[in-house]
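**Q** Got a structure for you, questions after.
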Amino acid sequence: MSGLPANLNGSLVIVQHMPAGFTRSLAQRLDSLCAISVMEAEDNQPLRKGCAYIAPGNYHMEVCQKRDGTFYLSLNQKELRAGHRPSVDVLFESISRLSYSAKHAIIMTGMGSDGTAGIKAMKETGIQTVIAEDESTCIVFGMPRAAIQAGVVDKVVPLHEISDQLVRCLNC
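In our numbering, the protein residues as written are 172 to 343.
What follows is the structure, encoded as structure tokens:
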């Protein structure tokens with residue numbers, strides 16, 4: 172994320188499999204290293220361009236759309252999804268329900284297959300680009316591998332190229 176410009180033409184919503192208490196520190200650390208604003212998400216928080224929102228530990232995060240077309244975050248503690256809360260699938264499935272067409276997904280290092288079902292839902296409703304982290308830079312290749320094997324990934328790139336790829340996608 173350190174390669175993203177402050178004037179990023181979009182918002183980032185991030186699920187990291189971390190317990191409660193750790194995500195706020197992660198957001199603060201990333202905020203100090205990045206040109207974009209990075210924060211732990213809050214319930215009913217409006218999305219702003221040039222900002223990244225990290226799901227709090229033990230909360231699912233969904234993106235919702237108001238009647239006026241603006242977007243906001245909704246946090247909940249519904250049941251675990253494949254052993255996770257927050258869950259990438261919950262986030263991506265919420266994005267699949269949005270009428271907005273410029274949707275992109277990135278799946279990075281992690282165990283299991285969280286995110287693949289959500290990407291499939293996004294593919295069915297018109298996602299533009301899915302980027303997966305290359306095995307060469309993953310600590311654990313499980314989540315990217317599952318999405319790649321499911322045939323839902325458009326680009327596979329090493330970690331240091333993800334920011335550039337995302338900027339290109341957002342400027343299309």
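Heads up, the beta-carbon is just placed ideally off N, CA and C, and yes, glycines get one too.
To the nearest angstrom, how far is it from the Cα of S307 to the Cα of P329?
**A** When rounded, the distance between both Cα atoms is 7 Å.
**Q** What does the alpha-carbon distance come out to for the pair H188 and A288?
**A** Roughly 16 Å separates the two Cα atoms.
**Q** For L244, write down the residues that DSSP places opposite it in a beta bridge.
**A** Answer is V234, bridged to L244.
**Q** Taking just the CA atoms, how far does C340 sit from G297?
**A** Between G297 and C340, the C-alpha separation is close to 14 Å.
**Q** May I ask you to report which of helix, strand or coil DSSP gives S284?
**A** In this structure, S284 counts as coil in the three-state DSSP scheme.
**Q** I'd like to know if the stretch 185-201 and the stretch 227-244 are in contact, where contact means that at least 3 CB-CB pairs between them fall below 8 Å.
**A** Yes: the two stretches touch, three or more of their Cβ pairs being nearer than 8 Å.
**Q** In whole angstroms, what is the alpha-carbon distance linking S196 and A317?
**A** Between S196 and A317, the C-alpha separation is close to 29 Å.
**Q** Roughly how far, in whole angstroms, is the beta-carbon of P176 from the beta-carbon of V338, given that I think they are within contact range, below 8 Å?
**A** Between V338 and P176 the Cβ distance is about 7 Å, and since that is below 8 Å, they are a contact.
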